[in-house]
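Following numbering that gives the first Met the number 0, the numbering of the sequence shown begins with 0 at its first residue and continues without gaps.
Cβ coordinates follow ideal geometry from the N, Cα and C atoms, glycine included.
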Amino acid sequence: MTYTYLSKAVVIPVYKESVSHNEIISLSRCFEILGKNPIVFVCPLGLDLTEYYAIGDKHRVSISKEEFEPSFFEGLGGYNRLMLSKAFYERFCQYDRILIHQTDCFVFSDSFDYWCNFDYCGAPWIFNTEAKHVAANLFILSVRRFLKKILSKPNHWDTVQYKVGNGGFSIRNPKRFVEVIGQFEKNGIIERYRNPASHYYMEDVFWGVEVNRSSSRTLKVPGFSKALEFSFESLPSVCYGLNKERLPFGCHAWAKYDINFWKPHINKLGYEL
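And the structure:
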């Protein structure tokens, strides 16, 4: 794949004024590796970003902010609606791509340009604890999904297994997302995701799965194996094996999922956990 050099920005959603030790590590690494790009904090109206600006100043990074109604930051439901709103992506339409970098992410290399070839990418959802079983699971899952289409019996678990991917650390195409939201507002499907009854209908499932259910392939999204090069989230040790023991561009929720796996990799880069 060729590299595509497009205008891009790093977008960091925050909802609180204080910054934890782990968040300082995540943000410091982000600014160190990606600080040449515009850094934009997304936050509730009136939130004091003093602690965040201090980290940016230390790394000589210029920071701007985009403020939204506080209701968008009241739990997962509010954030879900924000990530499915035209208003959010319209703020970033001057960029060809944005990287959503939540405060629990960690970047290992600067391959932002490479991933701008996709409209959406996040860590693939993986559910088996042993790498050797993944290939067999993928085959079984393909059969089950085929039967589901024939029998019209939805299985939400099958919907996301080995799909791409988690939105906490994700590439997004703002202009295309505005268009897609308009399309899915007309058919009403997006409302299921704006008001989810379960976590399977969160915003990243919409972008990674729902929009490409038809054969038209609305968004360019990489497959499971390619997305492992982009990011890991759950079961990072399994992902590492599947990715031929190579670290991805970045990861999400490193302190939540197997911190013992991540600790030596992060410490090696000069960050003390």
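Return the CA-CA distance between residue i and residue j, expressed in angstroms with no decimal places.
{"i": "alanine 8", "j": "glycine 240", "result": "31 Å"}
{"i": "isoleucine 189", "j": "asparagine 79", "result": "11 Å"}
{"i": "leucine 44", "j": "glutamine 101", "result": "18 Å"}
{"i": "phenylalanine 87", "j": "leucine 81", "result": "6 Å"}
{"i": "asparagine 194", "j": "phenylalanine 71", "result": "13 Å"}
{"i": "glutamate 50", "j": "glutamate 16", "result": "7 Å"}
{"i": "histidine 264", "j": "asparagine 21", "result": "14 Å"}
{"i": "glutamate 244", "j": "glutamate 73", "result": "38 Å"}
{"i": "glycine 77", "j": "glutamate 68", "result": "10 Å"}
{"i": "alanine 196", "j": "lysine 57", "result": "42 Å"}
{"i": "isoleucine 258", "j": "asparagine 242", "result": "18 Å"}
{"i": "alanine 254", "j": "lysine 262", "result": "9 Å"}
{"i": "arginine 75", "j": "alanine 252", "result": "Arginine is not the amino acid found at residue 75; the sequence shown has leucine there. Cα to Cα, leucine 75 sits roughly 15 Å from alanine 252."}
{"i": "lysine 267", "j": "glycine 167", "result": "24 Å"}
Does the distance from the CB of residue i to the CB of residue j come in under 7 Å?
{"i": "cysteine 250", "j": "phenylalanine 231", "result": "yes"}
{"i": "alanine 122", "j": "asparagine 165", "result": "yes"}
{"i": "leucine 85", "j": "isoleucine 23", "result": "Residue 85 is actually lysine in this sequence, not leucine. No, these two residues do not count as a Cβ contact at 7 Å."}
{"i": "glycine 207", "j": "valine 237", "result": "no"}
{"i": "isoleucine 54", "j": "leucine 26", "result": "yes"}
{"i": "tyrosine 192", "j": "leucine 83", "result": "yes"}
{"i": "proline 221", "j": "cysteine 104", "result": "no"}
{"i": "tryptophan 124", "j": "valine 177", "result": "no"}
{"i": "aspartate 109", "j": "isoleucine 32", "result": "yes"}
{"i": "phenylalanine 40", "j": "valine 60", "result": "no"}
{"i": "phenylalanine 260", "j": "proline 235", "result": "yes"}
{"i": "leucine 246", "j": "phenylalanine 107", "result": "yes"}
{"i": "lysine 174", "j": "cysteine 92", "result": "yes"}
{"i": "serine 224", "j": "tyrosine 256", "result": "no"}
{"i": "asparagine 172", "j": "arginine 96", "result": "yes"}
Could you check how far apart the C-beta atoms of residue i and residue j are, in whole angstroms? I think they sit under 8 Å.
{"i": "isoleucine 99", "j": "serine 19", "result": "In fact, because the Cβ distance is near 19 Å, the residues do not count as touching under 8 Å."}
{"i": "lysine 64", "j": "cysteine 42", "result": "6 Å"}
Three or more C-beta pairs closer than 8 Å, one from the region 181 to 193 and one from the region 106 to 125: is that the case here?
-> In short, these stretches do not touch, since the Cβ pair count stays below three.
Given 8 Å as the limit, is there contact between the region 30 to 40 and the region 8 to 20, that is, 3 or more CB pairs closer than that?
-> The region 30 to 40 is in contact with the region 8 to 20.
Output the residue ranges of the beta strand (DSSP E) runs that lie fully inside the region 47 to 104 and measure 3 residues or longer, sorted by chain position.
-> Scanning the region 47 to 104 from its first residue to its last, the whole beta strand (DSSP E) runs of 3-plus residues come out as 62 to 67, 96 to 100.
Which whole runs of the beta strand (DSSP E) in the region 162 to 190 are 3 residues long or more, in chain order?
-> Taking 3 residues as the minimum length, the beta strand (DSSP E) runs contained wholly in the region 162 to 190 are 163 to 171, in order along the chain.
Within the region 218 to 267, note down every full alpha helix (DSSP H) run reaching 4 residues or more, in order along the chain.
-> Correct list: 223 to 229, 235 to 241, 258 to 267.
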